[in-house]
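Visitor:
Numbering (the numbering used here), first residue to last: 90 to 432.
#1: Going by beta-carbon coordinates alone, are residue 419 and residue 231 separated by less than 8 angstroms?
#2: List in chain order: all unbroken beta strand (DSSP E) runs of 3+ residues lying wholly within the segment 350-415.
#3: Is DSSP giving residue 420 helix, strand or coil here?
#4: Can you give me the Cβ contacts of residue 307 inside the same chain, cut-off strictly under 6 angstroms, excluding the 5 residues immediately before and after it?
#5: For a test of your reading of the model: does the CB of residue 236 fall under 7 angstroms from any non-hydrogen atom of the ligand NAD? Yes or no.
#6: DSSP three-state label for residue 268, please.
#7: Rounded to the nearest angstrom, what separates residue 274 and residue 314 at their Cα positions?
#8: Candidates 199, 416, 192, 423: which alpha carbon is nearest residue 325's?
#9: Would you call the CB atoms of residue 437 and residue 398 closer than 8 angstroms?
#10: On the three-state DSSP scale, how would you describe residue 341?
#11: How is residue 305 classed by DSSP in three states: helix, strand or coil?
#12: Taking its Cβ as the centre, do 16 or more other Cβ atoms sit within 10 Å of residue 373, making it buried, or is it exposed?
#13: Any idea what DSSP makes of residue 320, helix, strand or coil?
#14: Going by the beta-carbon positions, is the gap between residue 330 and residue 310 smaller than 8 angstroms?
#15: Looking only at its own chain, which residues have a Cβ that is under 8 angstroms from the Cβ of residue 215, when we skip the five neighbours before and after it?
#16: Is residue 330 helix, strand or coil when you go by DSSP?
#17: Pull up the DSSP beta-bridge partners for residue 310, would you.
#18: So what's residue 346 in DSSP terms, helix, strand or just coil?
#19: Between the beta-carbon of residue 394 and the beta-carbon of residue 294, is there less than 8 angstroms?
#20: Mind checking which residues open and close the alpha helix (DSSP H) that includes residue 225?
#21: Any idea which residues DSSP pairs residue 199 with across the strands?
#22: Compare the Cα-Cα distances from residue 388 to each of 341, 412, 321 and report the closest residue.
#23: To which residues of the same chain is residue 238 closer than 7 angstroms at the C-beta, ignoring the five residues directly before and after it?
#24: Rounded to the nearest angstrom, what separates residue 426 and residue 411 at their Cα positions?
#25: Does DSSP put residue 315 in a helix, in a strand, or in coil?
#26: Cα separation between residue 269 and residue 323?
#27: With a cut-off of 8 angstroms on the beta carbons, I'd call residue 358 and residue 212 a contact; round off their distance for me.
#28: Could you tell me if residue 190 is buried or exposed, where buried requires 16 or more neighbouring beta carbons within 10 angstroms of its beta carbon?
#29: If you compare alpha carbons, which of 365, 241, 428 is closest to residue 226?
#30: Within 10 angstroms of its Cβ, does residue 344 collect 16 or more other Cβ (buried), or is it exposed?
#31: Answer yes or no: do residue 355 and residue 193 have a C-beta to C-beta separation smaller than 8 angstroms?
#32: Going by beta carbon distance, what residues of the same chain come within less than 8 angstroms of residue 277, once the five residues before and after it are set aside?
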């Protein structure tokens, strides 16, 4: 009944002017999973006019480009940008070689003291205070962070143990003992009559007893507590002694220590100090000879045998390169400080 009424209404509307009603499609329900699935996507390329663009599609699909080999790429770059210009790599300085290189030994000097020199009068040139840095200052200003850290730890430990006043007294006594030790050595090594009579107590000290076996191999003293100056590198120093040790002319540096130092590595910067003096002597016009060896003697307060550390020409050359690096580092620091002062 309802269907007949609906069809009647549709006929009336269809016959009316300005209205057009199309019957709705039948809705079919199905349990099939295929019909209930998603609507199939339409490929937009299927709507393209195949005949109109067939020639273009055919030409694109039929083209096969040749893969460019590296050689053809280089040729194309050369055509577009010109030939490649090979630039030379910047010249790098050899690692570990300082810019201020200066030879340790002076070929213009003799290796031995002149026979005309009076062996009974060792050189004793006073050190003049001026703007030129000393060897000691250079070494102090260029200590590594590890060396500074070790020194600070030792200082804090000693202060905790002795207190501020006790540590100040301890360092003062150490300085005094070192000074007396060098005075006693100067008296022993100087020719008779050149110096006042040495203090007997100093000669009997543990430090002097410690070095007795070394003194037996020392002869031909050429300089004592004498100043040196490197004319080229511009530094000064005050060396302890220049003499023959077991027949070889050496710069001898006398050191005191409470701890045993059986190896040269235990002496820290002492080898650098010795080679700095060696190089200075070899380029100082006040010395007619040159030195090729060094000797570090570590004496002990308890009188136990001192440790002598001999440095031959090869070992001196190795430490000389390290000394030049330290000297270069010091020069850079001084320049930076001067620039900051100007700013």
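Every residue, glycine too, gets a C-beta built ideally from N, C-alpha and C.
Guide: From the atom records:
#1: yes
#2: 382-389, 396-400
#3: helix
#4: 332, 334
#5: The ligand NAD is not among the ligands present in this structure, which contains no ligands whatsoever.
#6: helix
#7: 10 angstroms
#8: 416
#9: This structure cannot settle anything about residue 437, because the visible part of the chain is limited to 90 through 432.
#10: strand
#11: coil
#12: buried
#13: coil
#14: yes
#15: 316
#16: strand
#17: Answer by DSSP bridge pairing: none, since residue 310 is not bridged.
#18: strand
#19: no
#20: 224-230
#21: 378
#22: 341
#23: none
#24: 23 angstroms
#25: strand
#26: 30 angstroms
#27: The pair is not a contact, with the Cβ atoms about 25 angstroms apart (cut-off 8 angstroms).
#28: exposed
#29: 365
#30: buried
#31: no
#32: 287, 292, 297, 304
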